[in-house]
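Chemist: Got a structure for you, questions after.
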Amino acid sequence: MTKKFNQLAYRNLDDFVYGSSPNPVTTKSGMVIGGGTVYPEINFTLPGMDINDSTIKKAATIYSNIIDGVLKRASELYAPGVLVEYETLPDFTEHPKYGIEINRILINSMKEAAEKYGLKTAIRTTPNDLREMSRPPVMRSGKYWDTMLELFEQSVKDGSDFISIESTGGKEINDSALVKADIRKAIFALGVLGCRDMEFLWKNLVEIAGLGKDCYAAGDSACGFANTAMVLAEKGFIPHVFAAVIRVIAVPRALVAFEQGAVGPSKDCAYEGPFIKAITGCPISMEGKSAAGAHLSPIGNIAAAVADTWSNESIQQVKLLSEMAPIVGMEQLIYDCRLMNAATENGQQLIFRDFLVKSDAALDVQAYVLKPDVVMRISAELVKIQDNFLRTKIAAQLTVAELKKAINEGKVKSDKRDMKWLDKMEKQIETIPDDAIEFYNQIKSELDLDKFIPSEYGL
Amino acid sequence: MATLENVSQCVLDGDLDEIKVLVQALLDEGMDPIKIINEGLIAGMNIVAPLFKSGEMFVPEVMESADTMNEGMKIVKPLIMDADMPSKGKIIIGTVNGDLHDIGKNLLIMMMESNGYVVVDLGVDVKEEDFVAAVKKHQPEIVGMSSLLTTTMMKIDSTIKQLIKEGVRDQVKVIIGGAPVTQEFADDIGADGYSEDASTAVDLCDRMMDEICGQQAISA
């Protein structure tokens, strides 16, 4: 039974703030995510090394050192709770025994930290989507599907609180759409292939989450789509306005997980999260300035405006002047969260939210589309439509219109070429029919059929 | 009357239809096809490259220019012997074993081809022995490897070791790149060069080709 979202979760823009959401999630340890407090979400990864039978012990030791270090620091800084994200490395998903072992190490260390320091923790386990290892990708069966599910299932049974993924359905078409700034193909990739895959994938993941005790299907990220666009724009490879539109057209795809039963907090790198929160009322994770160790972005502050957990994305276990990098990341996140939570306690949450927004929104179009009022305005139109593909197309049209208006009114800085690109996108979107199958038939001859298997998407 | 300047401008504008007309017109007038390539098509891309580097052109625009150049090439290529085709050099490129990231690699390929290199794309998740086999088969001057993960970057090291083991390391220059890769890492594992993005990689390859050509001139 899928959920339908046909109205916004908020009536008042002033209620759309960080730390609180209409549908909070309570973890086994008692953290209430979306219940008023913003929690830090720490993620980390190995330094450069091979993973195989002879190195897995070393990898396990490194993970053990990282988790002990970050939880100790969290306790020393009186963190109200910590969400740990264990985003696996491809080898850990391809060989689930490795992934399971590390997940257990993290869970055990979290239990020890609870006993030792009284620290509340929860873990989000995020296996890799390795289905694209087969070229063209095999999305609904096969070795990579099986190993991925095996890791999900055992992690849930072993006590993970949340499961997430950065799924890749449609990425094989989206990659070339991004470098060519081809909005029609991007809409096909996200709105047809992405949404269809999400429906299949998240139906399975929600069932798997149900195998555990108080385990929740948390949400997906269009990382390989919209964040790749953001990074390409940041390098000057594609227009920022194109990346901003891609961000918003990733929303209907992300929403599919919640229609299937995900409850949040959505993935940290899913910058489409504010739209998800506005529509579903579920808590979201976000990352910004304190994720600069992983990647740069033009949305360092505004990303926090309606966040419920605040993440560092990922950081390698390397030594910095003060401490190991994950411990540094933990400290930065805790101070960020302290500040936001102190403003809330002082009754100044809305003021603080608006500072986070104001400091970024006018400086980049990608920040502008995350303004709470813009998010609410676009989301209000998206909930009027129930077809995921049409939602994607309309999301693109609405974003182009929002950006044109904002640029014309001088509300956001723009490149002299932005208007040309917005006009180009507008014209391309106008050629897209409202029906997904009609669009597929129209665009089929432009697609590289060596790159994807239509039947893997039910086409 | 069509001119070589028109051809260059057409490449810059990315006009796929007009380029066919212009190139055909020059051929009909009896112009040497190699001159059309060097002073028209490649000359156009030589204007594009610095504009991209200075941030005045986006990748999609560069790709349109490259597609336009290739459209023109399609017309002149059949008229030229393979050996006479102008080329700066040959490079094989792949993302290493266990790594699926290919956008950066594909951008590099596009930039290299646009700048007159012959590129052999080995794809993603390329095993060490496949790099070696490709070196033996294609005899490139340069091998490019990329990795975007901390756990796959060591595959660059193992691929270089495999090239040494198979006795082909000295035949090629090795350049590497990718998010976790640094100049220090390149030095540590004995790569010949590191580049942080596609456009600087072209400069790096140009310098390497100058070096290779210089060495060949000395030994000759």
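Residue numbers (the working numbering), protein chains in the order written: chain L, 14 to 472; chain W, 9 to 228.
Just so you know, even glycine gets a beta-carbon here, dropped at the ideal spot from N, CA and C.
(1) Compute the beta-carbon to beta-carbon distance between G237 (chain L) and T158 (chain W), rounded to the nearest angstrom, for a pair I have assumed lies under 8 Å.
(2) Anything in chain W within Cβ reach of Q379 (chain L), meaning under 7 Å, just list it in chain order.
(3) Taking the beta carbon of D28 (chain L) as the centre, do at least 16 other beta carbons fall within 10 Å, making it buried, or is it exposed?
(4) What residues in the segment 61-86 of chain L bring their beta carbon closer than 7 Å to a beta carbon of chain W?
(5) Give a yes or no on whether 7 Å exceeds the smallest Cβ distance from G102 (chain W) to chain L.
(6) So, S327 (chain L) versus N56 (chain L), is the Cβ gap smaller than 7 Å?
(7) Does the CB of T208 (chain W) have a neighbour CB from chain L at under 7 Å?
(8) Please classify N359 (chain L): does DSSP put it in a helix, a strand, or coil?
(9) How big is the Cα-Cα spacing for Y8 (chain L) and V56 (chain W)?
(10) Any C-beta of chain W within less than 8 Å: which residues of the segment 240-264 of chain L qualify?
(11) Got a sec? Which residues, its chain only, sit under 7 Å from V370 (chain L) by beta carbon, not counting five neighbours each side?
(12) Any beta carbon of chain W sitting closer than 7 Å to that of Q329 (chain L)?
(13) In terms of DSSP beta bridges, what is W323 (chain L) paired with?
(14) Starting from the beta carbon of P103 (chain L), find every residue of chain W whose beta carbon is closer than 9 Å, and list them in chain order.
(15) Count the CB pairs spanning the segment 387-397 of chain L and the segment 284-294 of chain L that are closer than 8 Å, and state whether there are at least three.
(16) In three-state DSSP terms, what is Y229 (chain L)?
(17) Check whether the Cβ of E459 (chain L) lies closer than 7 Å to any Cβ atom in chain W.
(18) List the whole-angstrom C-beta distance separating V104 (chain W) from T167 (chain W), where the pair is believed to meet the contact cut-off of C-beta under 8 Å.
(19) When the Cα of G48 (chain W) is compared with those of W:P86, W:S73, W:I150, W:M162, which residue comes out closest?
(20) Where L143 (chain L) and D188 (chain L) are concerned, what is the direct C-alpha to C-alpha distance, given to the nearest angstrom?
(21) Determine, for A194 (chain L), whether the minimum Cβ-Cβ distance to residues of chain W falls below 7 Å.
(22) Any idea which residues DSSP pairs I99 (chain W) with across the strands?
(23) Quick one: is I220 (chain W) near chain L, going by C-beta distance under 7 Å?
(24) Would you mind working out which of W:D75, W:I100, W:I184, W:Q32 sits nearest Q147 (chain W), comparing C-alpha positions?
(25) Quick check on DSSP: helix, strand or coil for A449 (chain L)?
(26) So, is the C-beta of L59 (chain L) closer than 7 Å to a C-beta in chain W?
(27) What are the residues that DSSP puts in a beta bridge with I46 (chain L)?
(28) Relative to the alpha-carbon of I118 (chain L), which residue among L:A72, L:M161, L:K156 has its alpha-carbon at the smallest distance?
(29) Leaving out the 5 sequence neighbours to the left and right, which residues in its chain are closer than 6 Å to T138 (chain L) when beta-carbon positions are compared?
(30) Hey, does F251 (chain W) have any beta-carbon neighbour from chain L nearer than 7 Å?
(31) Consider the Cβ of E145 (chain L): report whether some Cβ of chain W lies at a distance smaller than 7 Å.
(32) Applying a beta-carbon distance threshold of less than 8 Å, which residues of chain L neighbour M71 (chain W)?
(33) List, in chain order, every chain L residue whose beta-carbon is nearer than 8 Å to that of G186 (chain W).
(34) With a threshold of 7 Å between beta-carbons, can D233 (chain L) be considered close to chain A, or not?
Modeler: Judging by the given coordinates:
(1) Wrong, their Cβ atoms sit about 18 Å apart, outside the cutoff.
(2) Neighbours of Q379 (chain L) on chain W: none; closest Cβ ~15 Å, over 7 Å.
(3) exposed
(4) G61, M62, D63, I64
(5) no
(6) yes
(7) no
(8) coil
(9) Look at the range of chain L in this structure, 14 to 472, and you will see that residue 8 (chain L) is not part of it.
(10) T241, L245, K248, G249, F250, I251, P252
(11) I315, A318, K384, P385
(12) yes
(13) L:P53, L:M299
(14) G106, D107, L108, L157, T159, T160
(15) yes
(16) strand
(17) no
(18) 6 Å
(19) W:S73
(20) 16 Å
(21) yes
(22) W:V127, W:I150
(23) no
(24) W:I100
(25) helix
(26) yes
(27) L:V38, L:T50
(28) L:A72
(29) Y99, N116, S168, S173, I176
(30) The question about residue 251 (chain W) has no answer here: the residues shown for chain W are numbered 9 through 228.
(31) yes
(32) V192, K193
(33) Here the premise fails: no neighbours, minimum Cβ distance about 11 Å.
(34) No chain A is present in this structure, whose protein chains are L and W.
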